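Comments concern the structure below.
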Ligand code: NCD
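Numbering (our numbering), first residue to last: 446 to 752.
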């Protein structure tokens, strides 16, 4: 049995296979309608979520399977003091596959050591979010037609943003990716990522503080929210929260085929007026998340579509 805790748990070949399967599901949804009949997915969300939990549940339903779970720790026995290990041991008696989100880094990894069913990390603190990465890769590949030779700008909270960390890791294995980090000094990528990904692999990245100085060369702009819940003090959050606001004016010098991604939820970092620009891909991206999770559930359960 295999779990998905870190994007690096998947080889590039496995990622590409998942994206191919997601493309196929998008092209021929009916063929996949009963693939998971009789199977159950549990969503254990100890932290808030809209897209990730609901897209997992919608994905399982569209595969003909069933879902169970909870959407906050208050409504589970963790409020009574139950450990993650015990919760997951029990839930794995009820469900064939488990998607888990937790505010503590490493909680899904610990769960995977205790679970009798495969565990999917649906976000652990400021650490990883591998299924958002699959969503992002599918979106980039569908928009750009490739996953190599791309200049991608990551903008906003690169310190605490787990979607950024996971996507950087995954993209570091594709050829000719030019990374541009756009953040205030306090929110630069964590040291461990610099050492383990960039230094170790001999890759480089450009670090800047404004969108304006790099916008014209980007193929993809990955905007992120400042992660309020991970700050140690509110004053720092308030000072940094509106550092970047992408509006139509800022896009004047951008490429005509720029793809603007955002894992969502957005707070202020993309003006609503940008939604009407054809370069805005973030709502398409949210939809892609459902299809790639369908592909992932199928692969992890070892299921194939009927002919
Ligand atoms: C992200 C997350 O939870 O890390 N959201 C998501 O899963 N789509 C990004 C965020 O919360 O800012």
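Note that beta-carbon positions come from the ideal geometry of N, C-alpha and C, so glycine has one too.
Being a predicted model, the structure only gives us computed values, none of them experimental.
So if DSSP puts residue i in a beta bridge, which residue, or which two residues, is it bridged to?
| i | result |
| --- | --- |
| residue 598 | 625, 666 |
| residue 704 | 665 |
| residue 476 | Paired residue(s): none; residue 476 is not in a bridge. |
| residue 501 | Per DSSP, none; premise fails for residue 501. |
| residue 485 | 511 |
| residue 725 | 705 |
| residue 715 | 691 |
| residue 449 | 565 |
| residue 490 | 546 |
Taking residue i and residue j to be in contact with their CB atoms under 8 Å, please state how far apart those CB atoms are, rounded to whole angstroms.
| i | j | result |
| --- | --- | --- |
| residue 586 | residue 706 | No, residue 586 and residue 706 are not in contact; Cβ-Cβ is about 12 Å, not under 8 Å. |
| residue 596 | residue 662 | 5 Å |
| residue 579 | residue 610 | With 8 Å as the limit, residue 579 and residue 610 do not qualify as a contact, their Cβ atoms being about 14 Å apart. |
| residue 470 | residue 740 | 6 Å |
| residue 612 | residue 632 | About 16 Å separates the two Cβ atoms, so there is no contact after all. |
| residue 490 | residue 516 | 5 Å |
| residue 506 | residue 742 | Actually they do not touch by this definition, with Cβ atoms about 11 Å apart. |
| residue 584 | residue 726 | 6 Å |
| residue 485 | residue 510 | 6 Å |
| residue 537 | residue 500 | The pair is not a contact, with the Cβ atoms about 22 Å apart (cut-off 8 Å). |
| residue 589 | residue 664 | 6 Å |
| residue 731 | residue 691 | Actually they are not in contact, since the Cβ atoms of residue 731 and residue 691 sit about 17 Å apart, beyond 8 Å. |
| residue 551 | residue 569 | 6 Å |
Just to confirm the assignment: which complete alpha helix (DSSP H) runs, minimum length 4, are found wholly within the stretch 634–695?
Counting only unbroken stretches of 4 or more residues, the alpha helix (DSSP H) elements lying wholly within the stretch 634–695 are 679–685, in sequence order.
So which residues put a beta carbon under 7 Å from any heavy atom of the ligand NCD, going in chain order?
Taking a cut-off of 7 Å from the heavy atoms of the ligand NCD, the residues with a C-beta inside it are 494, 496, 497, 568, 574, 577, 606, 607, 608, 669, 670, 672, 708, 709, 710.
Mind listing, in chain order, the continuous beta strand (DSSP E) runs of no fewer than 3 residues lying wholly within the stretch 505–534?
For the stretch 505–534, whole beta strand (DSSP E) runs of length 3 or above, ordered along the chain, are 511–515.
Please give the ranges of any alpha helix (DSSP H) in the stretch 538–575, keeping only runs that are unbroken, at least 4 residues long and fully inside the region.
Correct list: 552–559.
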